[in-house]
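Chains A and B, in that order, are what the protein sequence lines are.
Position one of the first sequence corresponds to residue 1242 (my numbering), numbered consecutively onward.
Position one of the second sequence corresponds to residue 1242 (my numbering), numbered consecutively onward.
The C-beta atom is built at its ideal place from N, Cα and C for all residues, glycine as well.
First the structure, in the form of structure tokens, and then the observations on it.
2 protein chains.
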Amino acid sequence: MSRLDRSLIAGMPIFQGMAPADLDRILQKARSLRIAKDQTVFEQEGEAHSFFLLLDGHVRVVKTTPDGQQVIVRYISPGELMGIAHALGRTTYPASAVAAVDCVVLAWPGNLWPEMAASFPNFGSGTYRTVGARLQETQARVVELATEQVEQRVAHALLRLVKQTGRKTEEGILIDFPISRQDIAEMTGTTLHTVSRLLTAWEEKGLVKSGRQKVTVVEPHRLFALAEGQADKG
Amino acid sequence: MSRLDRSLIAGMPIFQGMAPADLDRILQKARSLRIAKDQTVFEQEGEAHSFFLLLDGHVRVVKTTPDGQQVIVRYISPGELMGIAHALGRTTYPASAVAAVDCVVLAWPGNLWPEMAASFPNFGSGTYRTVGARLQETQARVVELATEQVEQRVAHALLRLVKQTGRKTEEGILIDFPISRQDIAEMTGTTLHTVSRLLTAWEEKGLVKSGRQKVTVVEPHRLFALAEGQADKG
DNA sequence: CGAGAACTTTGATCCAACGCAAACTTGACT
DNA sequence: AGTCAAGTTTGCGTTGGATCAAAGTTCTCG
């Protein structure tokens, strides 16, 4: 296996302000893995042997209910931690992580977590800040699901994706990985049919452009207004 | 103000295994407060000046949307921390906390949090375990809201309350604080009307007994079956 | 104890979104 | 360039719950 260079992770918030020597020590304990599109990084209910840092690509974190329905908990972008069950005092993963595109991840043995958090306080507190931020996001989503209509929820979901992974194109801001109607439905608690109808309607109004596994937001402002509940007359 | 005795907090998980002298040091920095029913412990968007430990009573944590709709994020029971915005790196509270009954809380200045977490590792890691546990619960709720029907969600909510604060009576297990149809609706993303109809139907089947601001679960097992999606023929 | 506020029940109507079904489009692979 | 799988669109009937409306109950407090 090739040596890992510290420049891989030096710029990442979670390793911010860490001495080069420490970065090297941390990297020595990591393996780097390539995960092909549609392969899982880790699996729900599985033994939490490792935790991960996404270096490149996009990963969706999915919870499956006993009767087989799926809910997309979040998308992970490069630089983010995932599978940090150990930091929460769990021994199994509460969800599965699936590569949305070909990915590169770093993996550390899960039982190393306490040691790393203790040796590198920034890393420890950074992890907890991540967990705290996710708690807030997740609570915001509960409020959304409990109070908003489907149209507003889907609009919010698209805006979040655009903010997280949007890439400017001539047509607008493109969500930078393949995403299907079904995926959007699983993020918002609706069906792919309803998502399809919404996207069609929005496309007619010029708010978005979308195709097979592809969504571009053309007019974020108007979509935002719609997400906030103001009807769009376009 | 009367001196606070360490026996107040010695038994609480978050202070578990801490030396008596340390408990005293911690208590020296705390104020104890009585919060009358329906008064707020802290307010959404307010400056996070303190964090709290609930000693006695029950508190509901509520998020209000811009258009005035309310969502009950969780109920806090004695021994639990609340208002730990500081631990998440926030400076304002993300929700309001309202006393469901007369309560007693301990309050510490928020800026003391980093210091306390550093001086008392058990306390620090305990807090993070709390945050992690809440993240998991909240994600479970997202899945519920996204995949279940109202009837199942309400059943789950009641079972959670029963587990958290249930008190045995001759009739069944009573939820140990006043809770209205409206409250249950705000926990589950529905309306008080629907909750009322469900409770009436369940009462006819002998699953629960309920009255004004009061719910007793008579047959937890059958209610659980219902929560899991098996229709109840009773 | 009487009046009013707060909470709950129940009925009637309506509609957003689901479920089902079938056709259509796009891309991938041979 | 043809076939097939995967993804998407669209139409239509159905329905779970919301909304609207009104009456009934149970507390509280002067």
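{"Check": "Assign residue 1287 of chain B to buried or exposed, taking buried as 16 or more other Cβ atoms, counted over all protein chains shown, within 10 Å of its Cβ.", "Outcome": "exposed"}
{"Check": "What are the boundary residues of the beta strand (DSSP E) that residue 1457 of chain A is part of?", "Outcome": "1455-1458"}
{"Check": "Going along chain B, which residues have a C-beta under 8 Å from residue 1473 of chain A?", "Outcome": "In chain order: nothing, as chain B lies at least about 17 Å away."}
{"Check": "How many Å lie between residue 1299 of chain B and residue 1385 of chain B at the Cα?", "Outcome": "24 Å"}
{"Check": "May I ask you to list, following chain order, the residues of the region 1355-1382 of chain B that have a beta carbon less than 8 Å from some beta carbon of chain A?", "Outcome": "1369, 1370, 1372, 1373, 1374, 1375, 1376, 1377, 1379, 1380 and 1382"}
{"Check": "Please report whether the beta-carbon of residue 1340 of chain A lies at a distance below 8 Å from any beta-carbon of chain B.", "Outcome": "no"}
{"Check": "Consider the Cβ of residue 1388 of chain B: report whether some Cβ of chain A lies at a distance smaller than 8 Å.", "Outcome": "yes"}
{"Check": "Measuring only the C-alpha atoms, how far is residue 1436 of chain B from residue 1305 of chain A?", "Outcome": "27 Å"}
{"Check": "Could you tell me whether any Cβ in chain B is nearer than 8 Å to the Cβ of residue 1257 of chain A?", "Outcome": "no"}
{"Check": "Kindly indicate which residue of B/1354, B/1281 and B/1444 has the alpha-carbon position closest to the one of residue 1461 of chain B.", "Outcome": "B/1444"}
{"Check": "Let's see if you can read the secondary structure: which residues bound the alpha helix (DSSP H) around residue 1377 of chain A?", "Outcome": "1362-1388"}
{"Check": "In this structure, does DSSP put residue 1355 of chain B in helix, strand or coil?", "Outcome": "helix"}
{"Check": "In chain order, what residues of the same chain have a beta carbon less than 7 Å from the beta carbon of residue 1251 of chain B, not counting five sequence neighbours either side?", "Outcome": "1264"}
{"Check": "Give a yes or no on whether the C-beta atoms belonging to residue 1294 of chain A and residue 1372 of chain A are separated by under 8 Å.", "Outcome": "no"}
{"Check": "At least one CB of chain B closer than 8 Å to the CB of residue 1333 of chain A: is that the case?", "Outcome": "no"}
{"Check": "By how many angstroms is the C-alpha of residue 1388 of chain A removed from the C-alpha of residue 1393 of chain B?", "Outcome": "18 Å"}
{"Check": "Report the CB separation of residue 1432 of chain A from residue 1395 of chain A in whole angstroms; it is logged as a contact under 8 Å.", "Outcome": "At roughly 11 Å, the Cβ-Cβ gap does not stay under 8 Å, so residue 1432 of chain A and residue 1395 of chain A are not in contact."}
{"Check": "Would you grab the beta carbon distance between residue 1334 of chain A and residue 1283 of chain A for me? Rounded to a whole angstrom, and I think it's under 8 Å.", "Outcome": "5 Å"}
{"Check": "Where in the region 1251-1296 of chain A do unbroken runs of the alpha helix (DSSP H), each at least 4 residues long, occur, reported from the N-terminal end onward?", "Outcome": "1261-1269"}
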